[in-house]
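Below is one structure, written out as structure tokens; comments come after it.
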Amino acid sequence: MKLRTHFVFSVGLLVLVDSFVFSSFYFSSLLVLSFISVLSNSVIDRLGHREVLTRRGQVPVRTPLTHTLPRSVFWGFIASTPVIILSLLYGVVFNAQILTALIGGILVGPSHMLLDVFTERGIYVKKYGRWKRFALAHFRYDNPAINGLAILLGVLMLLAALYLHNYHNYNYYF
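Counting along the sequence shown from 1, when you hit position 61 you're at 65 in my numbering, and nothing is skipped either side.
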């Protein structure tokens with residue numbers, strides 16, 4: 005998938021999970037999770053792709069450095085540590101922002117792998133001591149229909165997080 009697709013889908017998923025954990029929607033958590041999504045997905049794609057020279061020219065190839073499920077959790081958590089460190093430096097010992105950053109850092113890597121498992125080459129899994137590729141569907145990474153569907157799903161999750169917990173604003177009981 006394209007990088008912007010990873011950004012939108014991850015932000016939607018992280019904000020939806022965060023809204024269920026804290027049973028409300030906070031704009032500050034949207035900002036923190038957006039930062040974590042952009043930073044983590046950029047790190048996973050920059051470190052996990054290398055260019056290989058073929059007869060067709062330079063071709064980007066995934067590596068098992070970041071495109072495995074356990075390693076993606078690690079890289080997502082590493083990318084969320086600046087938010088945690090900044091929160092601790094500004095005197096926040098433990099609050100919702102640090103828990104939001106922890107949850108976001110842990111979940112952003114698997115959300116990246118969830119989208120990459122639908123592309124042509126998939127993700128890496130260890131089988132019999134060797135790295136093998138695993139893909140559920142073999143869509144091209146730049147397929148506009150699949151990228152649009154993932155972006156739409158991310159926006160729908162973001163809207164669900166926004167409107168799902170606003171039942172106390174209804175005037176039904178008055």
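The beta carbon of each residue, even a glycine, is placed where N, CA and C say it ideally should be. Computed from a prediction, not measured in an experiment: that's the story for all the values here.
Please name the residue in F122, G109 and F26 whose C-alpha comes closest to that of L153. F122
V63 versus V56: straight-line alpha-carbon distance, rounded: Their backbone Cα atoms lie some 5 angstroms apart in a straight line.
For Y128, the residue or residues it bridges with in DSSP: Answer is R137, bridged to Y128.
For L66, list the residues DSSP reports as bridge partners. The question names Leu, but residue 66 is Arg in the sequence shown. The partner list for R66 (beta bridge, DSSP) reads H53.
Taking DSSP's pairing of strands, which residues face T58 in a bridge? G61
Beta carbon of I107 nearer than 9 angstroms to that of T9: no
How would you call L20, buried or exposed, if buried means at least 16 neighbouring beta carbons within 10 angstroms? buried
Anyone know if the C-beta pair for L119 and F24 falls short of 9 angstroms? F24 is positioned such that its CB atom lies no closer than 9 angstroms to that of L119.
Which whole-angstrom value describes the C-beta separation of P114 and V77, a residue pair presumed to lie in contact below a C-beta threshold of 8 angstroms? 6 angstroms
Endpoints, alpha helix (DSSP H) assigned at T104: Counting along the chain, the alpha helix (DSSP H) containing T104 begins and ends at A100 to D120.
Evaluate the contact criterion for the segment 33-48 versus the segment 80-98: three or more CB pairs, one atom per stretch, below 8 angstroms. yes
Per DSSP, what kind of secondary structure is F143 in: helix, strand or coil? strand
Tell me whether the beta-carbon of G52 lies closer than 9 angstroms to the beta-carbon of T67. Yes, the Cβ-Cβ distance between G52 and T67 is below 9 angstroms.
If you compare alpha carbons, which of I40, H116, T104 and A100 is closest to I82? I40
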